[in-house]
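Counting along the sequence shown from 1, when you hit position 98 you're at 98 in full-length UniProt numbering, and nothing is skipped either side.
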Amino acid sequence: MLVLLPPSEGKATAGRGRPVALDGLSLPGLTAARAAVLDELVALCSADEDKAAEVLGLSPGLRGEVAKNAGLRTAPAMPAGRLYTGVLYDALDVASLDTAARRRAQQSVLVFSGLWGAVRLGDRIPAYRCSMAVRLPGLGGLAAYWKPFMDEVMPEAAGSGLVLDLRSSAYASAWKPRGEVARRTATVRVLQVSVVDGVEKRTVVSHFNKATKGRLVRALLTAGARPRTPDALAATLRDLGYTLDHTPGDPRLDVLVTEV
Numbered sequence: 001m002l003v004l005l006p007p008s009e010g011k012a013t014a015g016r017g018r019p020v021a022l023d024g025l026s027l028p029g030l031t032a033a034r035a036a037v038l039d040e041l042v043a044l045c046s047a048d049e050d051k052a053a054e055v056l057g058l059s060p061g062l063r064g065e066v067a068k069n070a071g072l073r074t075a076p077a078m079p080a081g082r083l084y085t086g087v088l089y090d091a092l093d094v095a096s097l098d099t100a101a102r103r104r105a106q107q108s109v110l111v112f113s114g115l116w117g118a119v120r121l122g123d124r125i126p127a128y129r130c131s132m133a134v135r136l137p138g139l140g141g142l143a144a145y146w147k148p149f150m151d152e153v154m155p156e157a158a159g160s161g162l163v164l165d166l167r168s169s170a171y172a173s174a175w176k177p178r179g180e181v182a183r184r185t186a187t188v189r190v191l192q193v194s195v196v197d198g199v200e201k202r203t204v205v206s207h208f209n210k211a212t213k214g215r216l217v218r219a220l221l222t223a224g225a226r227p228r229t230p231d232a233l234a235a236t237l238r239d240l241g242y243t244l245d246h247t248p249g250d251p252r253l254d255v256l257v258t259e260v
């Protein structure tokens with residue numbers, strides 16, 4: 001099973017440590033593409049703070065991220081599983097997984113990134129600010145930039161098992177499974193269920209969505225689950241205590257929750 005996650009805007013900062021080594025990251029087919037994005041991002045943030053803040057879509061309170069980006073080549077790096085914070089990653093809580101589940105996480109989770117393309121949880125990277133929605137002056141929109149490179153490396157990364165795609169729309173646009181891989185790709189939507197005046201309502205709520213997806217991945221890793229199809233995933237999640245709305249044969253699963 002391969003799990004695809006979005007990154008988080010919130011990131012921890014390493015106090016000390018070696019800087020990123022591009023040739024040491026997973027998916028080595030992305031090395032040259034990563035170097036190109038890193039070069040342009042560092043150059044942009046080193047030259048003109050105002051322009052960089054505009055390109056990156058930073059509010060006045062986040063202007064300090066420009067200087068951090070300018071120093072990415074020498075900034076201390078840490079494993080992506082510790083770097084990414086926020087609701088989804090707090091719920092996943094990789095650090096507290098048992099040894100076997102943590103090993104599965106290292107092998108089966110890929111985090112998509114505007115700067116790095118995609119990384120595994122054990123890949124050491126520095127804190128950065130560059131979403132997939134950014135349009136760099138020289139490279140253009142990052143989702144479109146990454147797409148041909150992802151098309152090259154992702155079929156092999158997907159292996160022969162289930163692909164569980166939990167990415168947000170901006171990151172999903174950087175790679176869309178096709179052909180045989182698409183047929184074994186499942187997506188999950190989290191719906192909050194409430195009853196208003198006796199009528200059930202189902203709504204998408206960001207916090208519920210992120211927290212539930214983090215816990216869902218944690219449960220699958222802890223259980224050592226290896227579903228190979230969306231239908232098998234639905235059966236596994238029900239066994240793990242989740243309430244689903246799913247039609248057999250449909251790659252889309254709705255997970256129904258009433259509380260975070």
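For glycine and all other residues, C-beta sits at the position ideal for the given N, C-alpha and C.
Return the residue from the list the options that minimises the CA-CA distance to residue i.
| i | options | result |
| --- | --- | --- |
| A100 | A234, R228, G29, L221 | L221 |
| residue 268 | G241, R252, R34 | Summary: the structure shown does not reach residue 268, with the chain confined to residues 1 through 260, and so no result is reported for it. |
| S173 | L256, G71, A118 | A118 |
| L62 | K176, V153, C130, G214 | C130 |
| V205 | D50, L256, E54 | L256 |
| T74 | D239, D250, A21 | A21 |
| L136 | L253, L38, L110 | L38 |
| S26 | L97, L121, A91 | L121 |
| S8 | V153, G29, G114 | G114 |
| R124 | A14, P251, V3 | A14 |
| G138 | T31, V42, L4 | V42 |
| F72 | Y89, E40, D50 | For clarity, residue 72 is Leu in the given sequence; the question names Phe instead. Residue E40 is the option with its Cα nearest to L72. |
| P28 | L58, K147, V153 | V153 |
| V3 | S160, D23, G140, A235 | S160 |
| A32 | W146, V87, S169 | W146 |
Mind reading off the beta-carbon distance from residue i to residue j? Whole number of angstroms is fine, and I expect it under 8 Å.
| i | j | result |
| --- | --- | --- |
| K210 | A127 | So it is not a contact: roughly 19 Å between Cβ atoms. |
| V188 | L162 | The pair is not a contact, with the Cβ atoms about 12 Å apart (cut-off 8 Å). |
| V66 | A52 | 5 Å |
| V190 | K213 | 6 Å |
| L233 | L164 | 7 Å |
| P230 | L253 | 7 Å |
| M1 | P177 | Their Cβ separation, rounded to whole angstroms, is 14 Å, which puts M1 and P177 out of contact at 8 Å. |
| R36 | L110 | It is worth fixing the name first, because residue 36 is Ala in this sequence and not Arg. About 20 Å; that fails the 8 Å criterion. |
Does the separation of the CB atoms of residue i and residue j fall below 7 Å?
| i | j | result |
| --- | --- | --- |
| A143 | M132 | yes |
| T85 | G17 | no |
| V193 | T247 | no |
| F208 | Y171 | no |
| V134 | L83 | no |
| A219 | L244 | no |
| A70 | C45 | yes |
| L30 | F149 | yes |
Using a threshold of 6 Å, is the CB atom of residue i nearer than that to any non-hydrogen atom of the ligand ZN?
| i | result |
| --- | --- |
| T229 | This structure does not include the ligand ZN; it has no bound ligands of any sort. |
Segment contact flag, the segment 168-183 with the segment 197-206, C-beta cutoff 8 Å, min 3 pairs: no
Touching by the beta-carbon criterion (3+ pairs, under 8 Å), the segment 95-111 and the segment 75-83: Cβ pair count under 8 Å is three or more, so yes.
Length-filtered (4 minimum) alpha helix (DSSP H) runs lying within the segment 145-174: 169-172
Contiguous beta strand (DSSP E) assignments of at least 3 residues, all confined to the segment 214-256: 243-245
Any alpha helix (DSSP H) of 4 or more consecutive residues that is wholly inside the segment 74-107: 80-83, 87-92
Beta strand (DSSP E) segments (min. 3 residues) lying fully within the segment 116-149: Correct list: 117-120.
Within the segment 17-76, ranges of the beta strand (DSSP E) (whole runs, at least 3 residues): none
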